[in-house]
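Residue numbers (the numbering used here): 24 to 263. The beta-carbon is built from N, C-alpha and C at its ideal position, and this holds for glycine as well. This structure is a prediction, so every number in the text was calculated from the model and none was measured. One structure below.
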């Protein structure tokens with residue numbers, strides 16, 4: 024995963040004063056500092072991240088290629104490392120920088136969910152779920168376990184499946200809820216296709232979990248499906 028782009032200052036043989044892109048980097052950093060994130064485009068924000076990993080190359084073409092391939096800044100930073108490595112110029116250092124940004128975004132979004140009653144900060148829940156899962160290339164089934172005050176006890180990925188299917192076992196879901204002394208659940212999964220519309224199988228699986236959980240005093244508050252094109256709430260759609 025190394026190539027011409029992924030080089031350090033010590034092995035390029037270029038002086039600090041000669042390359043034209045140093046002035047561009049300082050101007051871009053200055054604009055970001057003075058005017059904030061809204062003053063830079065998606066590819067320019069990628070440039071700012073890639074500067075650290077690729078100190079001695081013009082990274083503007085690489086940033087633009089990444090946006091062209093994946094579609095947006097969010098999709099680039101959330102892309103699996105193996106797919107990022109397919110892009111010429113993306114070495115291990117550059118990929119690591121992008122994955123650090125993705126991890127930081129997920130931690131920030133999760134922090135907004137953890138400290139408040141989940142049902143009173145619903146937009147934060149949606150933001151967190153989309154940040155964590157919307158751009159994954161395989162289906163994931165995630166569970167948010169809540170206590171009697173509807174505060175988050177735990178957030179776990181229970182299953183990872185294929186591009187269009189994740190096996191879910193209702194009794195395992197409820198067993199884990201009992202282990203954590205959870206009294207309510209929010210089910211979350213992603214659609215890698217981008218379209219969050221619930222399928223017949225999604226609806227049947229949700230009802231099966233409700234049927235097992237209800238006699239044991241565990242409520243299913245919602246099932247959220249996230250995708251690049253938005254999200255769908257079973258409660259909002261009156262499916263539960």
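- When only Cα atoms are considered, residue 109 and residue 240 end up about 49 Å apart.
- Counting the other Cβ atoms within 10 Å of the Cβ of residue 107 gives 16 or more, which makes it buried.
- Counting along the chain, residue 148 sits inside the alpha helix (DSSP H) bounded by residues 145-156.
- For residue 210, the uninterrupted beta strand (DSSP E) segment begins and ends at 207-213.
- Rounded to whole angstroms, residue 203 and residue 175 show a C-alpha spacing of 11 Å.
- Per the Cβ contact rule, the segment 243-261 is in contact with the segment 209-219 (3 or more Cβ pairs under 8 Å).
- Residue 95 sits in coil when the DSSP states are folded into three classes, being neither helix nor strand.
- Assigned with DSSP and collapsed to three states, residue 200 falls in helix.
- Per DSSP, reduced to three states, the secondary structure at residue 123 is helical.
- Beta-bridge partners assigned by DSSP to residue 163: 183.
- Comparing C-alpha distances from residue 228 to each of 217, 51, 245 shows the shortest one belongs to 245.
- Straight across, the Cα-Cα distance linking residue 72 with residue 156 is about 22 Å.
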